[in-house]
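Okay, structure coming up:
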């Protein structure tokens, strides 16, 4: 009991320090109503809302700076180019990569993973090789590997998870051998919230000579990421899940590996010299950035990073963990409700089901309360097969969510249960 | 009863509801009550998979009319499936093919028939019309008899 009060007290201090109300005013969309009720937005693992600094940056770029970057000698092109490369440097610093050449801009995590699967696959995967993923992966970290394994005659192996939603490291270890070329695993599970022991996994995989890709889509907005400390070979994330714009993402890759990989797409920007006989490719990172990039997206992403850095990732993690503890207790206390994902190390995601109730039905009723949660397979069909359920109901939190919203969610869940049971 | 008449009846029923809660309670009750399909027809080939919920649909042709039976794994979807069956089952193939199903808008359930809802209902209506078309082609189009030139 004392511990609970202590936790409640610390939470209060954090709220003050954090000034949640001020943070909320930075997100214009939080003012809107749905079904005549103020929106309670708890679908942040799908996409987060955008602070005004990000929205303003996109508008400013198109109103005053729009110009195609690189290759232009005129003033505005050079201005846009330096803004773009400045943003790349800030992304580098954000994840502590050793060089901006290691930062490739993509459409999002999905494209980042596909890029690696294709280009790494072509350079490194041979018949009989193995790629290891885990059972908790998002479809975007399953399907690209399936496709590329099929192309090169490699085998996809799947590490098991424990019912708690934690990775079974013994199972992962048992799959590793000198045939393993790649271990591709999520940093934070989008369905269960599990924070995987990525440092340990990287070390383990490297000891077998395998490379490691980490899907960081659900991690970067909530936890401090240092790719050099993690020592992963590739790290992927999306702008739109970290308060940035949609359609922009990042692939981090170790320079010596990216150098050995062939380009993903051909086109402008990625070339050094083109003749009809032979084309030579540009240096990193441009080799992997064919065509006009999403300049506004990159500049918006830079502002989103600024937003996160100003708040401080450590403060964000602490606040979100407190909110997660509160939500887990409060939601977990509801009768006939089961929470999936009880990992010790967990991010701000609570997935659950109501006994005997289809998640679609519960989601439909919860929506009528103006509460945005996600229902269904959450792009993790193998995971719902593992738990043998038709789907999840998922509440996922961001830095602007508060206890009041968790309380509202609980009222809606109870109402849905009582109507549907 | 014609399709229009059933639609009007349903619209009248829904006019009694004061808020969304009553409306959904009604849908849920309808969804819970009805065994709408013979279990032997709950086959894989009759399954229409939606991203959120799934629907099983079976169709039969008897005396110039098409009869549907269906089920869903989600009770609200099942309630709406029930409404669609009330409107379309027992109708002629032409009536089914021409049905616009405007009643869904009138009773405020349009969102459930949006293609983005992915609850299997849009595909279900498409499938009902396809059955009607198939039966029409099979049983109602005059067959060209092959003449015996022997």
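Protein chains in written order, with our numbering: chain A, 23 to 443; chain B, 10 to 159.
We put the beta carbon where it would ideally sit given N, CA and C, even for glycine.
Per the DSSP calculation, residue 55 of chain A is bridged to which residue(s)?
For the purposes of this step, residue 55 of chain A is taken as residue 33 along the first chain, with counting starting at 1. In DSSP, residue 55 of chain A forms a bridge with A:60.
Using a C-beta cutoff of 7 Å, does residue 179 of chain A count as contacting chain B?
For the purposes of this step, residue 179 of chain A is taken as the residue at position 157 of the first chain. For residue 179 of chain A, the answer is no, since every Cβ of chain B falls outside 7 Å of its Cβ.
Please list the terminal residues of the continuous alpha helix (DSSP H) segment that includes residue 39 of chain B.
Counting from one through the second chain, the residue named residue 39 of chain B turns up at place 30. Per DSSP, residue 39 of chain B belongs to the alpha helix (DSSP H) from 29-42.
In angstroms, rounded to a whole number, what distance separates the CA positions of residue 150 of chain B and residue 416 of chain A?
Taking the second chain and counting its residues from 1, one reaches residue 150 of chain B at position 141. Taking the first chain and counting its residues from 1, one reaches residue 416 of chain A at position 394. Roughly 51 Å separates the two Cα atoms.
Does the distance from the CB of residue 275 of chain A to the CB of residue 259 of chain A come in under 7 Å?
Here residue 275 of chain A is taken as the residue at index 253 of the first chain, counted from 1. Here residue 259 of chain A is taken as the residue at index 237 of the first chain, counted from 1. It is not a contact, given that the beta carbons lie outside the stated cut-off.
How would you label residue 111 of chain B, buried or exposed, when you count the other beta carbons within 10 angstroms and need 16 or more for buried?
For the purposes of this step, residue 111 of chain B is taken as residue 102 along the second chain, with counting starting at 1. Looking at its Cβ environment, which holds fewer than 16 other Cβ atoms inside 10 Å, residue 111 of chain B is exposed.
Between the region 407-429 of chain A and chain B, which residues of the former have a C-beta closer than 8 Å to a C-beta of the latter?
Cβ contacts with chain B: 412 and 413.
Who are residue 77 of chain B's beta bridge partners in DSSP?
Counted from its first residue, the second chain places residue 77 of chain B at position 68. Residue 77 of chain B is bridged to B:68.
Compute the Euclidean distance between the alpha carbons of residue 405 of chain A and residue 87 of chain A, then round it to the nearest angstrom.
Position 383 of the first chain, counted from the first residue, corresponds to residue 405 of chain A. Position 65 of the first chain, counted from the first residue, corresponds to residue 87 of chain A. Approximately 45 Å between the Cα atoms of the pair.
So which residues on chain A does residue 33 of chain B lean against when the C-beta distance must stay under 8 Å?
The residue labelled residue 33 of chain B in the question sits at position 24 within the second chain. Those are 386, 387, 390 and 441, listed as they occur along chain A.
Residues of chain B with CB under 7 Å from residue 397 of chain A, in chain order?
Counting from 1 along the first chain, the entry for residue 397 of chain A is found at position 375. Under the 7 Å cutoff, chain B gives 61.
Please confirm whether residue 179 of chain A and residue 191 of chain A have their CB atoms less than 7 Å apart.
Position 157 of the first chain, counted from the start, is the residue given in the question as residue 179 of chain A. Position 169 of the first chain, counted from the start, is the residue given in the question as residue 191 of chain A. Cβ atoms of residue 179 of chain A and residue 191 of chain A: not closer than 7 Å.
For the region 394-413 of chain A against the region 14-33 of chain B, do three or more pairs of beta-carbon atoms, one drawn from each stretch, fall closer than 8 Å, so that the two count as touching?
At 8 Å Cβ cutoff, the stretches do not touch.
Distance, Cα to Cα, residue 444 of chain A vs residue 185 of chain A?
Residue 444 of chain A falls outside the range modelled here, since chain A spans only 23 to 443, and no answer is possible.
Would residue 65 of chain A pass as an interface residue toward chain B - the criterion being a Cβ-Cβ separation below 7 Å?
For the purposes of this step, residue 65 of chain A is identified with residue 43 of the first chain, where counting begins at 1. No, residue 65 of chain A does not count as interfacial toward chain B.
Could you name each continuous beta strand (DSSP E) segment of 3 residues or more that falls completely within the region 304-378 of chain A, going from the start of the chain to the end?
Listed in chain order, the complete beta strand (DSSP E) runs (minimum 3 residues) inside the region 304-378 of chain A are 359-362 and 371-376.
Let me know the beta strand (DSSP E) ranges lying completely inside the region 222-284 of chain A, each 3 residues or longer, listed in chain order.
Counting only runs of 3 or more, we get 233-237, 256-260 and 271-275.
Quick one: residues in its chain with C-beta nearer than 6 Å to the C-beta of residue 142 of chain A, no 5 flanking neighbours on either side, listed in chain order?
By 1-based counting over the first chain, the position of residue 142 of chain A is 120. Taken in chain order, the residues that qualify are 283.
According to DSSP, residue 439 of chain A sits in a beta bridge with which residue or residues?
Taking the first residue of the first chain as 1, we reach residue 439 of chain A at position 417. Residue 439 of chain A is not bridged to any residue.
Spell out whether any CB of chain A is found under 7 Å from the CB atom of residue 84 of chain B.
Reading the second chain from its first residue, position 75 is the one you call residue 84 of chain B. At least one chain A Cβ lies under 7 Å of residue 84 of chain B.
Here's a check: name, in chain order, each residue in its chain whose Cβ is nearer than 6 Å to the Cβ of residue 501 of chain A, leaving out the five neighbours to either side.
The requested residue 501 of chain A is not part of the displayed model; chain A covers only 23 to 443.
Given that residue 29 of chain B touches chain A, what residues does it touch there, using C-beta distances under 7 Å?
To locate residue 29 of chain B, count along the second chain from 1; it is residue 20. Those within 7 Å of residue 29 of chain B in chain A are 390.
Could you name the residues of the same chain whose beta carbon sits closer than 7 Å to that of residue 100 of chain B, not counting the 5 residues immediately before and after it, in chain order?
If you number the second chain from 1, residue 100 of chain B lands on position 91. Hits under 7 Å: 12, 74 and 75.
Assign residue 423 of chain A to buried or exposed, taking buried as 16 or more other Cβ atoms, counted over all protein chains shown, within 10 Å of its Cβ.
As a first step, residue 423 of chain A is located in the first chain; it is residue number 401 there, counting from the start. Answer is buried; the Cβ neighbour count reaches 16.
Quick check: is the beta carbon of residue 160 of chain A nearer than 7 Å to any beta carbon in chain D?
The structure shown contains no chain D; its protein chains are A and B.
Does residue 435 of chain A pass the burial test, meaning 16 or more other C-beta atoms within 10 Å, or should it be called exposed?
For the purposes of this step, residue 435 of chain A is taken as the residue at position 413 of the first chain. Buried.
Pick helix, strand or coil for residue 155 of chain A, following the three-state DSSP scheme.
By 1-based counting over the first chain, the position of residue 155 of chain A is 133. Three-state result, residue 155 of chain A: strand.
Could you pull out every residue in the same chain whose Cβ sits closer than 7 Å to the Cβ of residue 383 of chain A, ignoring the five residues on either side in sequence?
As a working mapping, residue 383 of chain A is identified with position 361 in the first chain. Only 442 meet the Cβ criterion.
Going by the beta-carbon positions, is the gap between residue 57 of chain B and residue 133 of chain B smaller than 7 Å?
As a working mapping, residue 57 of chain B is identified with position 48 in the second chain. As a working mapping, residue 133 of chain B is identified with position 124 in the second chain. Yes, Cβ-Cβ distance for residue 57 of chain B and residue 133 of chain B is below 7 Å.
Which class does residue 414 of chain A belong to by DSSP, given the choice of helix, strand or coil?
In the first chain, residue 414 of chain A corresponds to position 392, counting from 1. Strand at residue 414 of chain A.
In chain order, which alpha helix (DSSP H) runs of at least 4 residues are fully inside the region 169-221 of chain A?
The region 169-221 of chain A contains these whole alpha helix (DSSP H) runs: 191-197.
State the DSSP-derived secondary structure class of residue 431 of chain A, mapped to helix, strand or coil.
For this step, residue 431 of chain A is matched to residue 409 along the first chain. Here residue 431 of chain A sits in helix by DSSP.
Counting only Cβ pairs nearer than 7 Å, list the residues of chain A close to residue 37 of chain B.
Taking the second chain and counting its residues from 1, one reaches residue 37 of chain B at position 28. The contacting residues are 441 and 442.
Are residue 315 of chain A and residue 127 of chain A touching if we call contact CB-CB under 7 Å?
Translated into the one-based positions of the first chain, residue 315 of chain A becomes position 293. Translated into the one-based positions of the first chain, residue 127 of chain A becomes position 105. Contact: yes.
Quick one: is residue 382 of chain A near chain B, going by C-beta distance under 7 Å?
Residue 382 of chain A sits at position 360 when you count from the first residue of the first chain. By this cut-off, residue 382 of chain A is an interface position.
What residue does the alpha helix (DSSP H) around residue 141 of chain A start on, and which one ends it?
Within the first chain, the letter at position 119 stands for residue 141 of chain A. From DSSP, the alpha helix (DSSP H) with residue 141 of chain A extends over 131-146.
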